[in-house]
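*Asks:* Protein chains in written order, with this note's numbering: chain W, 4 to 366; chain C, 173 to 240. Virtual Cβ for every residue (Gly too), placed ideally from N, Cα, C.
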Amino acid sequence: MDEILFSVSDFVAVTNQTLEYAYPTVSVVGEVAEYRISQGKWVSFKLKDAGAVVNCFAGVYQMRTPLEDGMKVIVVAQPRLNPKGYFNLNVKAVKPVGEGSIKKGFELLKAKLAAEGLFAPERKRTLPRVPRHVAVVTSTESAAYADFCRIVNERWGGLKIDVAHTQVQGMPAPDQMIRAIEYFNGLDTLPEVLVIIRGGGSAEDLATFNDEPLARAIASSRIPTLVGVGHEVDHTLADMVADARAATPTHAAETLVPDRGEIIRSAHVQAQSASNLLVQAIDHYSQQTRQSLEGAFRRIQERLDATFDRLSVLRGVVSQLNPEHVLRRGYALVRGDIKPGKVIEIETYKNIITAEVQDAREK
Amino acid sequence: MPEKNKSVQQKLTELSELVEWFQGADFKLETAVDKFQSAEKLAAEIEKDLTELKNEISVVKKHFDGNG
């Protein structure tokens, strides 16, 4: 076999061609060392294990989670031989692995976003009490989505719900969800609430929701956001930047819409309270009327009493004028012609006497 | 008065306003019975509307995997 003679440049080019053919993308797990950011644009670090070390190179925009020396990560990269003779992994994506590293990445990004005010309570918008148009970003194949739909259907009706099916775990998931968020935010008529849900999972599964570009997409959404990821105890950066956090997808459904049963009961209670108020009003008017009538009766009674009192006095006077009473006092009533020889009648209290006039003189 | 084409939210607002009327300065016994009947009718309509309403759920056709 003839020996092939390469120029250095050709050798580098052929090596890269061979690498690209054999390993277009490799995933390498190791520990980060000598992590550096240059000019705010370029990231370089070494990926090492007990027996070897390899250089990694990336643009800042490719780093979806802040890194620190000592963190264990998976690097998805393209192996390249640099024209200057350095072998690099050109990083396409990097994600922390292992509980400690995931937690560390989470804390670093949380501190970064908090410093920018992305969790500030004053940024939170209130969700409409009863939305009519809702957008949902989730995996339609998940049990979480089925639970969400079931609870929403049980609790409320008349909603228009548009669902964007995306992956909710794995490397492509954050970008898919970001595209879905951008899609809904680009509609001519915006939905009133954007809901992002995912069921429970391992810390690594849920780490998807600690992705920096995803957190920023949620924070900058024009549509108010409601995020329900994992279980009650799980906290992700996605739900921290959201306008409202739900503990679970089921809780997201309960947060999104009121319970129609409660509304129906409340409507009947309100109608009943109107009835009670009406009865109270009737009682009030009845009492007022009764009091008015009682007042009128009292005044009539007073008038009657006064009239009877006056009548009684008048009766006394009239009684004194009765001739019977005068006769009782010893006076007599004389009837007839008072002329001598004439017969007259004299009435006393007890007797009527007939007498003849013997003499009559002027006094 | 309750109307067919009002949304549930509008009917809920109207019911609240009706109940407030009973406690307000505009209250008149002469019209109270009509208002109460309207409140009862609204509550019944709200129950009917809410029981009958169905959600319309549709999955967006667009793919978000970066391939269209």
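#1: Helix, strand or coil for W/LYS113, going by three-state DSSP, please let me know.
#2: Classify C/TRP193 as helix, strand or coil using the three-state DSSP reduction.
#3: From W/THR351 to W/GLY339, what distance separates their C-alpha atoms?
#4: Compute the Euclidean distance between the alpha carbons of C/PRO174 and W/GLU207, then round it to the nearest angstrom.
#5: Is there a Cβ of chain C sitting closer than 8 Å to that of W/SER278, yes or no?
#6: What separation, rounded to the nearest whole angstrom, lies between the Cα atoms of W/GLU215 and W/LEU112?
#7: Starting from W/ASP5 and walking both ways along the alpha helix (DSSP H), at which residues does that stretch end?
#8: Measuring CA to CA, which of W/ILE356, W/GLY319 and W/GLU327 is closest to W/VAL337?
#9: Tell me the DSSP secondary structure of W/SER223 in three-state form.
#10: Would you mind sorting W/ALA55 into buried or exposed? The rule is 16 or more other CB atoms within 10 Å of its CB.
#11: Put C/THR203 into one of helix, strand or coil per three-state DSSP.
#12: Counting only C-beta atoms, is C/ASP250 closer than 8 Å to chain W at any point?
#13: Any Cβ of chain C within less than 8 Å of the Cβ of W/PRO175?
#14: Report the residue from W/ASP178, W/ILE199 and W/ASP191 whose alpha carbon sits nearest the alpha carbon of C/ASN239.
#15: Rounded to a whole number of angstroms, what is the C-alpha to C-alpha distance between W/ARG126 and W/ALA25?
#16: Under a three-way DSSP split, which group does W/ASN354 fall into?
#17: By a C-beta neighbour count over all protein chains shown, 10 Å radius and 16 as the cutoff for buried, is W/LYS412 buried or exposed?
#18: Please state if the CB of W/GLN273 and the CB of C/LEU187 are separated by a distance shorter than 8 Å.
#19: Within its chain, find whatever has a CB closer than 7 Å to the CB of W/HIS271; leave out the 5 residues flanking it on each side and keep chain order.
#20: From W/GLY62 to W/ARG219, what does the alpha carbon distance come to, in whole angstroms?
#21: Can you list the residues of chain C that W/CYS152 reaches, using a CB-CB cut of under 7 Å?
#22: Kindly indicate the opening and closing residues of the beta strand (DSSP E) around W/SER30.
#23: Starting from W/ILE285, follow the alpha helix (DSSP H) in both directions and report where the run begins and ends.
#24: Chain W partners of C/GLU219, CB-CB under 8 Å?
#25: Is the beta carbon of W/ILE199 sitting closer than 8 Å to the one on W/VAL230?
#26: Measure the C-alpha to C-alpha separation of W/VAL57 and C/GLU228 and round it to an integer number of angstroms.
#27: Where does W/THR143 sit, in a helix, a strand or coil, going by DSSP?
#28: How close, in whole Å, do the beta carbons of W/ILE349 and W/ALA335 come, if the pair is a contact with beta carbons under 8 Å?
#29: Should C/LYS233 go down as buried or exposed, given a rule of 16 or more other Cβ atoms within 10 Å for buried?
#30: Below 8 Å on the Cβ atoms is my guess for W/ILE221 versus W/THR228; work out the distance and round it to an integer in Å.
#31: Let me make sure I understand the geometry here. Which of W/GLY43, W/MET74, W/ASP52 and W/ALA53 has the alpha-carbon closest to that of W/GLN65?
#32: Residues in the same chain with beta-carbon distance under 8 Å from W/ALA247, minus the five sequence neighbours each way, listed in chain order, please.
#33: Just grab the DSSP bridge partners of W/PRO82 for me.
#34: Go to W/ALA167, then tell me how far its beta strand (DSSP E) extends in each direction, as first and last residue.
#35: Below 8 Å, can you find three or more Cβ-Cβ pairs linking the stretch 74–88 of chain W to the stretch 27–41 of chain W?
*Replies:* According to the data block:
#1: For the purposes of this step, residue 113 of chain W is taken as the residue at position 110 of the first sequence. Three-state result, W/LYS113: helix.
#2: Position 21 of the second sequence holds residue 193 of chain C. Helix.
#3: Counted from its first residue, the first sequence places residue 351 of chain W at position 348. Counted from its first residue, the first sequence places residue 339 of chain W at position 336. Spanning the two alpha carbons is a distance of roughly 15 Å.
#4: Along the second sequence, read from residue 1 onward, the residue named residue 174 of chain C stands at position 2. Along the first sequence, read from residue 1 onward, the residue named residue 207 of chain W stands at position 204. Bear in mind that the predicted position of C/PRO174 carries a pLDDT of just 47, short of 50, making it too unreliable to give a figure here.
#5: For the purposes of this step, residue 278 of chain W is taken as residue 275 along the first sequence, with counting starting at 1. Taking Cβ atoms only, chain C reaches closer than 8 Å to W/SER278, which makes this a yes.
#6: Counting from one through the first sequence, the residue named residue 215 of chain W turns up at place 212. Counting from one through the first sequence, the residue named residue 112 of chain W turns up at place 109. Going by the C-alpha atoms only, they are around 7 Å apart.
#7: In the first sequence, residue 5 of chain W corresponds to position 2, counting from 1. Taken as a continuous stretch (DSSP letters only), W/ASP5 belongs to no alpha helix (DSSP H), as it is neither H nor E.
#8: Locating residue 337 of chain W in the first sequence gives position 334, counting from the first residue. Ranking W/ILE356, W/GLY319 and W/GLU327 by Cα distance to W/VAL337 puts W/ILE356 first.
#9: In the first sequence, the residue the question calls residue 223 of chain W occupies position 220. Correct three-state label for W/SER223: coil.
#10: Within the first sequence, the letter at position 52 stands for residue 55 of chain W. By the neighbour-count rule (16 or more Cβ atoms within 10 Å), W/ALA55 is not buried but exposed.
#11: Within the second sequence, the letter at position 31 stands for residue 203 of chain C. Note: C/THR203 maps to helix in three-state DSSP.
#12: The structure shown does not extend to residue 250 of chain C, since chain C spans only 173 to 240, so no value can be given for it.
#13: Locating residue 175 of chain W in the first sequence gives position 172, counting from the first residue. Chain C, which has a Cβ nearer than 8 Å to the Cβ of W/PRO175, makes this yes.
#14: What you label residue 239 of chain C is simply residue 67 of the second sequence in a count that begins at 1. Ranking the options by Cα distance to C/ASN239, first place goes to W/ASP178.
#15: For this step, residue 126 of chain W is matched to residue 123 along the first sequence. For this step, residue 25 of chain W is matched to residue 22 along the first sequence. Cα to Cα, W/ARG126 sits roughly 49 Å from W/ALA25.
#16: As a working mapping, residue 354 of chain W is identified with position 351 in the first sequence. W/ASN354: coil per DSSP, three-state reduction.
#17: Beyond the ends of chain W as shown, which are 4 and 366, falls residue 412 of chain W; an answer cannot be given.
#18: Taking the second sequence and counting its residues from 1, one reaches residue 187 of chain C at position 15. Taking the first sequence and counting its residues from 1, one reaches residue 273 of chain W at position 270. Yes; because the gap between Cβ atoms is below 8 Å, this pair is in contact.
#19: Here the question's residue 271 of chain W lines up with position 268 in the first sequence. For W/HIS271, where only same-chain residues beyond five positions count, there are no Cβ hits under 7 Å.
#20: For this step, residue 62 of chain W is matched to residue 59 along the first sequence. For this step, residue 219 of chain W is matched to residue 216 along the first sequence. One C-alpha to the other measures close to 18 Å.
#21: The residue you call residue 152 of chain W lines up with position 149 of the first sequence. Residues of chain C passing the Cβ test: ILE229.
#22: The count along the first sequence starts at 1 and reaches residue 30 of chain W at position 27. 29–41 is the extent of the beta strand (DSSP E) around W/SER30.
#23: Taking the first sequence and counting its residues from 1, the one referred to as residue 285 of chain W is at position 282. It spans 263–324 - the alpha helix (DSSP H) in which W/ILE285 sits, taken as one unbroken run.
#24: Within the second sequence, residue 219 of chain C is the residue found at index 47, counting from 1. Within 8 Å Cβ-Cβ: ILE267, ALA270 and HIS271.
#25: Translated into positions along the first sequence, residue 199 of chain W becomes position 196. Translated into positions along the first sequence, residue 230 of chain W becomes position 227. Yes, the pair counts as a contact, with Cβ atoms nearer than the cut-off.
#26: The count along the first sequence starts at 1 and reaches residue 57 of chain W at position 54. The count along the second sequence starts at 1 and reaches residue 228 of chain C at position 56. The alpha-carbon of W/VAL57 is positioned some 53 Å away from that of C/GLU228.
#27: For the purposes of this step, residue 143 of chain W is identified with residue 140 of the first sequence, where counting begins at 1. The answer is coil: DSSP assigns W/THR143 none of H, G, I, E or B.
#28: In the first sequence, counting from the first residue as 1, residue 349 of chain W sits at position 346. In the first sequence, counting from the first residue as 1, residue 335 of chain W sits at position 332. Their Cβ separation, rounded to whole angstroms, is 5 Å, which keeps W/ILE349 and W/ALA335 in contact under 8 Å.
#29: Mapped onto the second sequence, residue 233 of chain C falls at position 61. Per the 10 Å Cβ criterion, exposed.
#30: Taking the first residue of the first sequence as 1, we reach residue 221 of chain W at position 218. Taking the first residue of the first sequence as 1, we reach residue 228 of chain W at position 225. Their Cβ separation, rounded to whole angstroms, is 5 Å, which keeps W/ILE221 and W/THR228 in contact under 8 Å.
#31: The residue given as residue 65 of chain W occupies position 62 in the first sequence. Nearest option by C-alpha distance: W/GLY43.
#32: As a position in the first sequence, residue 247 of chain W is number 244, starting the count at 1. So the list reads LYS127, LEU130, PRO227, THR228, LEU229, VAL230 and THR258, once near-sequence residues are dropped.
#33: Locating residue 82 of chain W in the first sequence gives position 79, counting from the first residue. W/PRO82 is bridged to W/LEU92.
#34: Position 164 of the first sequence, counting from 1, holds the residue named residue 167 of chain W. Where W/ALA167 is concerned, the enclosing beta strand (DSSP E) stretches over 163–168.
#35: Counting Cβ pairs under 8 Å, three or more are found: they touch.
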